[in-house]
Amino acid sequence: MSEKIIGSMPDARGHFGPYGGMFVSETLMEALDELRQAYEQYQNDATFKAELDADLQHFVGRPSPLYHAERWSQTLGGAQIFLKREDLNHTGAHKVNNTIGQALLAKRLGKTRIIAETGAGQHGVASATVAARLGLECVVYMGEEDIQRQAINVFRMRLLGAEVRSVTSGTKTLKDALNEAMRDWVTNVDNTFYIIGTVAGPHPYPAMVRDFQAIIGREARQQIQAQTGRLPDALVACVGGGSNAIGLFYPFLDDKAVKMYGVEAAGHGLETGQHAAPLCAGKPGVLHGNRTYLMEDEHGLIQGTHSISAGLDYPGVGPEHAWLKDSGRAQYVAVTDTEALQGFHELTRLEGIIPALETSHALAYCRKLAPDMPKDHSIIVNLSGRGDKDIHTVAALEGITV
Amino acid sequence: MSRIMACFDRLKQQHRKALIPFITAGDPQADLTVDLMHALVRAGANIIELGVPFSDPMADGPVIQRASERALDNHVSLTTVLQMVTLFRQQDANTPVVLMGYVNPIEAMGYDTFAKAAQAAGVDGVLTVDLPPEEGAEFNQLLKAQGLDSIFLIAPTTTEPRIQTICQQAGGFIYYVSLKGVTGSQALDVDAVADKLTTVRAHTDLPIGVGFGIRDAASAAAVAQVADAVVVGSTLVSLSETVPPQQLAAALETLLGGMRQAMDMTK
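These protein sequences, in sequence, are chains A and B. Numbering of the first sequence is given in numbering that gives the first Met the number 0, commencing with residue 0 and proceeding in unit increments. Numbering of the second sequence is given in numbering that gives the first Met the number 0, commencing with residue 0 and proceeding in unit increments.
Below you can see the structure in the form of structure tokens.
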């Protein structure tokens, strides 16, 4: 591993070591090239950055607080736990950090229509929100199964003026929504900007989405030092595609003493095969434009996934996480649906914060990690989203109709 | 000389254009595919493009997606597809076969293992939709070592420098995608296609096939005026959804035969 990680990845064609790249049909190459050039141009453009910063401050509500969860820390009896409150962002999750950035790019490229894929609906809502604000047409692709279990977010998107298109191909979840969005993009590339919601997809998406989300870690790194006088000992974040995790991790990559834990969805348990944990139980392959860890069978066909949380129900993961795993810089673990629900309830009751089910996976791992750490150590958990959208799912598990 | 090159040479002498039908291996039934391939040859196919089913066919429209799903329901894998080509070769030693699919099943089998197995089965070319020349140089060398051609797509949006890069690695023929979109899209502007082909021909001597948007005898004949080969996919594959399996070979022969006739009449 080279001395400094920050700024060293990816290479010019989007590779993080053996991962990433641009594995797409020729029909998409020109569109990706246009996007890459636009991103390279504007990422160091002072006017663009000023506009982005202003939007993040006044529209999103940044900086988000870093909150010391004292009661929860005390209950677990170990390290002090700090929550990076991305749930307090406008639209209720970290996703908007990225959609604000990509929508500004879309505007500069003169695109009049944006499309997005969504699993839990958070990215769809965040995309519909920025589209409404900029007066852009918005189409969101969502798996039929996810539309059922995330009815509130579907309605939010429609209120915001977006068209939600039900995807009935394949497994009818996030991966198929991504396929469908890609097909739309290929067909309507002249006027359409595709806002990918996570650090996956072909180059430049993994790097671009990471850079838009890295504000999470930059803020957290200053806030923890202001509050505790030192860097944290560990970072914990849930990983589906991995955008909230990379957003928190990235600014700390060169702080070698800071341990990083990405938490995947073990679903019914890794041993059952019904999970969404490619880093913990998959192998490298190529899907959605990049090489990364995947859940696939012996013939290279992508497998269906299971997680209680729609946002983690994805058979791949961002290529930078694949590289961080192999290099040993970050560790990847998995927690089950049941453990995630315990985390969900515990935070709600002890701290008065209802977390998203995705986020609850990070909380569940924190419950395992904190007790064995000294009381003067600290952990930052990325509280990536609020749980209002999951109320129906949790209620249904308890036999209650809300 | 490769089977693909020999095929184009022979057609050139006859002043005819190549007709390249696409079907998805294993659709609608696994045991029907080899019969369908022979039927296509009887109807005038010069090269057969055999789709390898994949769980996430990102570049395909709904018709070929559904064919892919049906084939996967029939448990057809890359290994099965190679077995089908082996069977086809027992009765047809001349018609080139090109596999068209996505990279992950090949990566799962192993690039070298696949190249050798494909050669042994009697495959002539491989079109890996999501493996652009920048990512596929090593694989293309492995294919070349086995005497197999790497077929590449060129799109309306492909810039001239990329056309050059692609032509440097391409073998067999160039597959020009006639319109923006996924497979099975509508409408086709023959004049626009002709313009772009002039640019492509400046960079390669390989024959150029045109596909996407060819739906009937008339559009096949129109494209044959400007291209060296006509690729027909979704229109054929959609027959699987309307014609009972036992009548499918006859239906394919009728549809493709009509295209063949129209192409030869306007040569």
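Yeah, the Cβ is synthetic: ideal placement off N, Cα and C, and Gly gets one too. Since we're looking at a predicted model, the values are computed, not measured.
Where do the N-terminal and C-terminal ends of the alpha helix (DSSP H) with alanine 394(A) fall, by residue? Residues 390-396.
So, at 6 Å on beta carbons, what are the nonlocal neighbours of aspartate 387(A) in its own chain, with the 5 sequence-adjacent residues on each side left out? Result list for aspartate 387(A): empty, nothing under 6 Å.
Member of Tyr260(A), Ser359(A), Tyr364(A), Ile399(A) whose CA lies at the smallest distance from the CA of arginine 385(A): The shortest Cα separation from arginine 385(A) among Tyr260(A), Ser359(A), Tyr364(A), Ile399(A) belongs to Ser359(A).
What's the C-alpha gap between threonine 157(B) and leucine 196(B)? C-alpha of threonine 157(B) to C-alpha of leucine 196(B): approximately 12 Å in a straight line.
Using a beta-carbon distance below 8 Å, is glycine 272(A) in contact with chain B? Against chain B, the CB of glycine 272(A) has no partner CB under 8 Å away; the residue lies outside that interface.
If you check the beta carbons only, do glycine 100(B) and glycine 171(B) fall under 8 Å apart? Between glycine 100(B) and glycine 171(B), the gap from beta carbon to beta carbon reaches 8 Å or more.
Is aspartate 129(B) close to chain A? Criterion is C-beta to C-beta, closer than 8 Å. Yes, aspartate 129(B) lies at the interface with chain A (some Cβ there is under 8 Å from its Cβ).
So what's methionine 0(A) in DSSP terms, helix, strand or just coil? Caution is warranted here: a pLDDT of 47 is assigned to methionine 0(A), below 50, making its placement in the model unreliable, and the coordinate value is therefore given only provisionally. Of the three classes helix, strand and coil, the one that applies to methionine 0(A) here is coil, per DSSP.
Interface residues of chain A facing glutamine 64(B) [CB-CB closer than 7 Å]: Per Cβ cutoff of 7 Å: Ser168.
Touch check for the stretch 110-126 of chain A and the stretch 167-175 of chain A: three-plus C-beta pairs under 8 Å? Counting Cβ pairs under 8 Å, three or more are found: they touch.
For methionine 0(A), is the classification buried or exposed, using 16 other Cβ atoms within 10 angstroms of its Cβ as the cut-off for buried? Summary for methionine 0(A): the model assigns pLDDT 47, below 50, so the residue's position carries little reliability; its value from the coordinates is reported in the next sentence. By the beta-carbon neighbour count (other beta carbons within 10 angstroms, threshold 16), methionine 0(A) is exposed.
Closest to phenylalanine 7(B) by CA distance: which of Ile213(B), Ser239(B), Pro244(B), Ile207(B) is it? Measuring from the Cα of phenylalanine 7(B), the nearest candidate turns out to be Ile207(B).
Say whether chain A places a C-beta atom closer than 8 Å to the C-beta of isoleucine 153(B). So yes, isoleucine 153(B) belongs to the interface.
Tell me where the beta strand (DSSP E) around glutamate 48(B) begins and ends. DSSP places glutamate 48(B) in the uninterrupted beta strand (DSSP E) bounded by 47-50.
First and last residue of the uninterrupted beta strand (DSSP E) at valine 75(B): Where valine 75(B) is concerned, there is no enclosing beta strand (DSSP E), because DSSP gives it neither an H nor an E.
Only counting the same chain, and skipping five residues up and downstream in sequence, which positions put a Cβ closer than 7 Å to that of glutamate 2(A)? Result list for glutamate 2(A): empty, nothing under 7 Å.
Using the C-alpha atoms, what's the distance from valine 393(A) back to aspartate 183(A)? Those two C-alpha atoms are separated by around 34 Å.
Rounded C-alpha distance that separates valine 242(B) from asparagine 243(A): Taking the straight line joining both Cα atoms gives about 49 Å.
Give me the Cα-Cα distance between arginine 15(B) and valine 84(B), rounded to the nearest whole angstrom. Taking the straight line joining both Cα atoms gives about 26 Å.
Among Arg200(B), Val236(B), Val229(B), Arg161(B), which residue has its Cα nearest to the Cα of methionine 258(B)? Comparing Cα positions, the closest option is Val229(B).
Could you name the residues of the same chain whose beta carbon sits closer than 7 Å to that of alanine 248(B), not counting the 5 residues immediately before and after it, in chain order? If we look at alanine 248(B) and ignore the five residues flanking it on each side, its Cβ neighbours are Asp34, Leu35, Ala38.
Interface residues of chain B around leucine 300(A) at Cβ under 9 Å? At a beta-carbon threshold of 9 Å, the residues of chain B lying near leucine 300(A) are Pro52, Phe53, Ser54, Asp55, Leu71, Ser76, Asn103, Pro104, Ala107, ordered along the chain.
At a CB-CB cut-off below 7 Å, which residues of chain B make contact with leucine 286(A)? Contact note: leucine 286(A) reaches chain B through Asp55, Asn103, using a C-beta cutoff of 7 Å and chain order.
Below 7 Å, is the gap between the Cβ of phenylalanine 251(A) and the nearest heavy atom of the ligand SAM? The ligand SAM is not part of the structure shown, which contains no ligands of any sort.
For the stretch 12-32 of chain A, which residues have a CB atom closer than 9 Å to at least one CB atom of chain B, in sequence order? Here the close residues are Arg12, Gly20, Met21, Phe22, Val23, Ser24, Glu25, Thr26, Leu27, Met28, Glu29, Ala30, Asp32.
Could you say if the stretch 22-39 of chain A and the stretch 348-358 of chain A meet the contact criterion of at least three C-beta pairs nearer than 8 Å? Counting Cβ pairs under 8 Å, fewer than three are found: no touch.
My guess is that proline 52(B) and alanine 70(B) are in contact by the Cβ rule of under 8 Å, so how many angstroms apart are they, rounded? That belief holds up - the Cβ atoms of proline 52(B) and alanine 70(B) are roughly 4 Å apart, short of 8 Å.
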